[in-house]
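Working notes, beginning with the structure itself.
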Amino acid sequence: MKNRSIKSGVKTGILAIAFLSFAVGCSKDDDNVPKPVEDIQAAIGTFKGTIHVAGRDYYNAIVMVTKEGDDLVKVAAKSGELYSAVTPKVFKVQNISNIHISYSGGPSGSFTYLLDTKSLVVSTEKEAAADVSFNFEGTKQ
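FYI, in mature numbering (1 follows the signal peptide of the UniProt record, and there is no 0) the residues of the sequence shown are -23 to -1, 1 to 118.
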């Protein structure tokens, strides 16, 4: 009799564990919940700083960053300036934890905008023979 009671208790325990495992394992997943979109809008605007082109520095240079799509920004120098011949570049960027908006590692170069200091660092690479590459470091105006 005592043996039957122990077996019954063990079976009940195993069934309870199996049921809990099934209930937890089959609970609704949150994978379909959309993740919050962190916008790149903060990086859009006019920046003033130093641009380095063909071995020469231009101070108080102006570059504009425009939004070309949900995750695309275009960097272009102000027209009518000595440094205006630089090749505008489009970067596919992402907002990283609302700390910085950046792109790096691709053939275009790199783009980093720091949200707390409103500073921009851009380094471009030549992708065609006629391209004029540049480096820019400045702050949002």
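Glycine included, every Cβ here is placed at the ideal spot set by N, Cα and C.
Whose C-alpha, out of the options, is nearest the C-alpha of residue i?
i: residue 47; options: 106, 78, 103 and 97; result: 78
i: residue 17; options: 92, 30, 83 and 36; result: 92
i: residue 66; options: 25, 84, 59 and 114; result: 84
i: residue 117; options: 35, 36, 42 and 70; result: 42
i: residue 32; options: 60, 26, 88 and 73; result: 60
i: residue 64; options: 94, 45 and 101; result: 101
i: residue 37; options: 54, 72 and 45; result: 54
i: residue 19; options: 89, 34 and 26; result: 89
Do residue j and residue i count as a contact pair if the criterion is CB distance below 9 Å?
i: residue 111; j: residue 28; result: yes
i: residue 109; j: residue 62; result: yes
i: residue 49; j: residue 70; result: yes
i: residue 87; j: residue 81; result: yes
i: residue 44; j: residue 21; result: yes
Can you tell me whether DSSP reads residue i as helix, strand or coil?
i: residue 20; result: helix
i: residue 75; result: coil
i: residue 54; result: strand
i: residue 115; result: strand
i: residue 26; result: strand
i: residue 38; result: strand
i: residue 46; result: strand
Residue i: buried (16+ other C-beta within 10 angstroms of its C-beta) or exposed?
i: residue 57; result: exposed
i: residue 23; result: exposed
i: residue 94; result: exposed
Exercise. Taking the runs of the beta strand (DSSP E) that are 3 residues or longer, which of them lie wholly in the region 56 to 110?
Worked result: 66 to 69, 71 to 73, 77 to 83, 86 to 91 and 96 to 101
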